[in-house]
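J.: Protein chains in written order, with full-length UniProt numbering: chain A, 1 to 236; chain B, 1 to 236. Glycine is no exception: its CB is placed at the ideal position from the N, C-alpha and C atoms.
2 protein chains.
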Amino acid sequence: MSDAYYLQLTEQLRHLIDQNAVHWDGKLPAERALAERFATTRVTLRQALAQLEGEGLIHRSNRRGWFISPARLVYDPTRDAGFNDYVRAQGRQPRTAVLKLETRAHVPAARALGLPDDQPFHHIRRRRYVDDRAVLVESLWVVPERAPELLDIYSGQSLWGLLRERWGHYLANRSIRMVSEALLPIDAEELLVAPGTAGLNINRAILDDQQRPIEYDEEHWLHDSLCISVELSGQQ
Amino acid sequence: MSDAYYLQLTEQLRHLIDQNAVHWDGKLPAERALAERFATTRVTLRQALAQLEGEGLIHRSNRRGWFISPARLVYDPTRDAGFNDYVRAQGRQPRTAVLKLETRAHVPAARALGLPDDQPFHHIRRRRYVDDRAVLVESLWVVPERAPELLDIYSGQSLWGLLRERWGHYLANRSIRMVSEALLPIDAEELLVAPGTAGLNINRAILDDQQRPIEYDEEHWLHDSLCISVELSGQQ
DNA sequence: TAGTGGTCTAGACCACTCT
DNA sequence: GAGTGGTCTAGACCACTAC
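Below, the structure written as structure tokens:
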């Protein structure tokens with residue numbers, strides 16, 4: 001079973017990529033050109049490319065082609081360093097685009113924070129980039145009482161920094177969940193990738209030091225752009 | 001773009017699965033039967049099934065067919081409750097099969113623990129099940145000086161329990177990494193799934209309270225069987 | 001406008017599972 | 001032995017990107 005041609009192809013493509021990464025400037029030749037070079041059809045070639053995509057070695061952008069994936073961003077969800085800080089700390093360039101600002105109810109946020117289903121939230125939808133590649137979209141759902149004028153003043157900065165500096169909120173209790181997912185068409189479109197692309201979904205429910213609900217967020221990352229790292233010391 | 005037929009198919013399949021899960025006993029009809037029912041080809045049908053597989057709703061076993069995936073196991077990598085304990089705590093049935101016991105060098109383990117590349121380790125390879133579904137394979141690399149007779153006495157129980165009870169080791173410092181992956185043919189075969197199936201790779205490097213290296217392990221989970229959960233309280 | 005990736009058709013053979 | 005999923009062929013059209 002391991003002698004399937006598409007699996008041999010993945011090995012050949014791996015070597016080809018290693019040797020030509022710089023020369024190609026990160027972009028692979030067209031599928032039809034690669035299929036011809038390896039004397040096979042586009043279907044089989046795409047099966048091999050999909051395997052490498054699953055491994056995180058390459059990725060697709062829209063209809064623009066296949067690209068070699070940059071190194072994964074190392075991310076520790078147990079620390080609350082802002083996105084901008086830890087991206088820069090790894091020598092990369094962060095960027096944020098705000099996609100939507102509104103106030104409305106959202107059942108998953110309400111459930112996660114123990115609030116009634118019709119509880120309204122300030123909703124911030126934003127897309128974040130590393131070195132100009134869009135790597136995640138996220139929705140933040142903030143309890144309006146905790147940050148009343150949030151939507152008037154928000155413009156892409158760190159939300160946690162804002163909550164702490166302007167409203168003095170202390171993000172004491174965090175409940176984090178991570179599951180792999182296939183990006184839904186709506187999320188995929190905002191990340192400029194094909195629907196069904198593998199992703200990682202990270203949710204957080206955050207309460208303050210008096211157990212008052214503050215915020216709930218849902219992140220959708222491209223699966224190949226992330227390495228989750230947790231360092232623990234002391235007793236369990 | 002969202003009107004692609006295979007995306008409409010995923011919706012229809014979702015409903016079909018919801019309504020017939022019990023009746024089918026968890027196994028979907030044959031691909032050819034489904035393709036005929038939806039008046040399309042196997043290629044397009046499989047594209048829809050692959051989307052649902054990526055979402056974790058269904059999975060494949062070997063050449064046996066498509067099955068509805070059970071609920072994800074919730075797993076907190078920051079706690080050191082053993083696999084058997086937290087599986088049972090969620091009302092599921094754990095099982096472990098030992099695949100290999102040997103002593104040899106392993107460069108990734110050596111690097112992660114700060115030891116020379118030719119450092120030998122006691123190696124335990126095991127496959128773990130939840131409710132009789134194989135959900136992960138893992139390799140454990142233990143520094144022999146810390147547990148000399150390990151391979152003579154090991155028979156599938158909790159390794160961490162053994163290290164604590166028999167050798168008095170205190171697993172104080174843990175460095176954990178998680179990345180999504182596509183299962184390599186060797187791991188896929190041991191999990192009875194097709195090569196390239198989406199997985200989650202979890203690595204741990206463990207030192208004791210005096211910073212002495214004890215153990216390194218590599219887990220390969222089926223991506224749809226896991227929900228990672230971390231609960232944090234107190235200051236950051 | 002030319003070329004690309006995304007989608008889809010209509011088959012085929014093989015290795016393997018099930019019974 | 002029958003049926004299944006895994007793999008592969010040789011095309012095709014369309015929507016979109018890049019120029």
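Which residues of the region 172-185 of chain A have a Cβ closer than 8 Å to any Cβ of chain B? Give them in chain order.
T.: Cβ contacts with chain B come from ALA172, ASN173, ARG174, SER175, ILE176, ARG177, MET178, VAL179, SER180, GLU181, ALA182, PRO185.
J.: Please report how far the alpha carbon of GLN236/B lies from the alpha carbon of LEU28/B, in whole angstroms.
T.: Since pLDDT at GLN236/B reaches only 45, below the 50 mark, its modelled position is unreliable, and the value read off the structure follows with that caveat. The straight-line gap from Cα to Cα measures roughly 47 Å.
J.: What residues in the region 64-78 of chain A bring their beta carbon closer than 7 Å to a beta carbon of chain B?
T.: Under the 7 Å Cβ criterion, the region 64-78 of chain A contributes ARG72, PRO77, THR78.
J.: Round the Cβ separation of ALA26/B and ALA198/B to the nearest angstrom and send it over; I've been treating them as touching at under 8 Å.
T.: Reading the sequence as shown, one finds Gly at residue 26/B and not Ala. Rounded, the Cβ-Cβ distance is 20 Å, inconsistent with contact.
J.: So, does the CB of GLU55/B fall closer than 8 Å to a CB anywhere in chain A?
T.: At least one chain A Cβ lies under 8 Å of GLU55/B.
J.: Distance, Cα to Cα, SER229/B vs ALA33/A?
T.: About 44 Å.
J.: Cβ of ARG164/A within 8 Å of Cβ of ILE214/A?
T.: Going by C-beta atoms, ARG164/A is not nearer than 8 Å to ILE214/A.
J.: Note down, in chain order, every chain A residue with its Cβ under 7 Å from the Cβ of SER233/B.
T.: By Cβ distance, chain A contributes ALA172, ASN173.
J.: Who are the neighbours of HIS223/A on chain B, taking C-beta pairs under 7 Å?
T.: Correct list: SER180.
J.: Determine the DSSP secondary structure at TYR154/A, reduced to helix, strand or coil.
T.: The answer is coil: DSSP assigns TYR154/A none of H, G, I, E or B.
J.: Would you say the region 97-106 of chain B touches the region 117-133 of chain B, given that touching needs at least three Cβ pairs under 8 Å?
T.: Touching, yes, given that three or more Cβ pairs across the two stretches are closer than 8 Å.
J.: Please confirm whether GLN236/B has its beta-carbon closer than 8 Å to some beta-carbon of chain A.
T.: Reliability of the predicted coordinates at GLN236/B is poor, the pLDDT of 45 falling under 50, and the value obtained from them is presented with this limitation in mind. Yes, its Cβ sits closer than 8 Å to a Cβ of chain A.
J.: Rounded to whole angstroms, what's the CA-CA distance from TYR75/A to TYR170/B? Just pull it up for me.
T.: Between TYR75/A and TYR170/B, the C-alpha separation is close to 27 Å.
J.: Kindly list, in the order they appear in chain A, the residues whose Cβ is closer than 9 Å to that of GLY168/B.
T.: Here the premise fails: no neighbours, minimum Cβ distance about 15 Å.
J.: Can you find at least 3 beta carbon pairs, one from the region 148-165 of chain B and one from the region 31-50 of chain A, that sit closer than 8 Å?
T.: In short, these stretches do not touch, since the Cβ pair count stays below three.
J.: So, for MET1/B: in the same chain, excluding its five sequence neighbours on each side, which residues have a beta-carbon less than 8 Å away from its beta-carbon?
T.: Low local confidence applies: a pLDDT of 40 at MET1/B is under 50, so the model's placement there is unreliable, and no value is given.
J.: With distances taken from CA atoms, which of GLN19/A, GLN51/A, ASN20/A is nearest LEU9/A?
T.: With distances taken between Cα atoms, LEU9/A lies closest to GLN51/A.
J.: At 3 residues or longer, what runs of the beta strand (DSSP E) sit wholly inside the region 18-47 of chain B?
T.: Entirely contained in the region 18-47 of chain B, not one beta strand (DSSP E) run reaches 3 residues.
J.: Do we get a CB-CB distance below 8 Å when we pair LEU16/B with the residues of chain A?
T.: No, its Cβ sits nowhere closer than 8 Å to a Cβ of chain A.
J.: Alpha carbon to alpha carbon, how far is residue 258/B from ALA97/B?
T.: Outside the modelled stretch of chain B, which goes from 1 to 236, sits residue 258/B, for which no answer is possible.
J.: Quick check on the burial criterion: 16 or more other C-beta atoms within 10 angstroms. Buried or exposed for LEU140/B?
T.: Answer is buried; the Cβ neighbour count reaches 16.
J.: In this structure, does DSSP put THR78/B in helix, strand or coil?
T.: Of the three classes helix, strand and coil, the one that applies to THR78/B here is coil, per DSSP.
J.: Alpha carbon to alpha carbon, what distance is there between TRP221/A and ARG128/A?
T.: Going by the C-alpha atoms only, they are around 10 Å apart.
J.: With 16 other CB atoms within 10 Å as the buried threshold, where does HIS23/B fall?
T.: Exposed is the call here.
J.: Using DSSP bridges, identify the partner residues of PHE67/B.
T.: In DSSP, PHE67/B forms a bridge with LYS27/B, HIS59/B.
J.: Contact check, SER61/B vs LEU184/B under 8 Å by CB: the rounded distance?
T.: Not quite, the Cβ-Cβ distance comes to about 18 Å (not below 8 Å), so this is no contact.
J.: Is the beta carbon of LEU99/A closer than 8 Å to that of TYR216/A?
T.: No, the pair does not count as a contact, with Cβ atoms beyond the cut-off.
J.: At the 8 Å Cβ level, is LEU7/B part of the contact set with chain A, yes or no?
T.: Yes, its Cβ sits closer than 8 Å to a Cβ of chain A.
J.: Could you give the residue range of the beta strand (DSSP E) that holds VAL107/B?
T.: Looking at the DSSP string, VAL107/B is not in any beta strand (DSSP E); the run it does join, the alpha helix (DSSP H), is 107-113.
J.: If you draw a straight line from the C-alpha of GLY65/A to the C-alpha of ARG37/A, how long is it?
T.: For GLY65/A and ARG37/A, the distance between alpha carbons rounds to 17 Å.
J.: Are there 16 or more other CB atoms within 10 angstroms of the CB of GLU11/B, so buried, or fewer, so exposed?
T.: GLU11/B comes out exposed.
J.: Does DSSP classify GLU231/B as helix, strand or coil?
T.: Note: GLU231/B maps to strand in three-state DSSP.
J.: Kindly list, in the order they appear in chain B, the residues whose Cβ is closer than 9 Å to that of GLN51/A.
T.: Within chain B, the residues near GLN51/A are ALA182, PRO195, GLY196.
J.: Would the beta-carbon of GLN47/A be found less than 7 Å away from any heavy atom of the ligand HEM?
T.: Judged by which ligands are present, the structure shown has none, so any question about the ligand HEM falls away.
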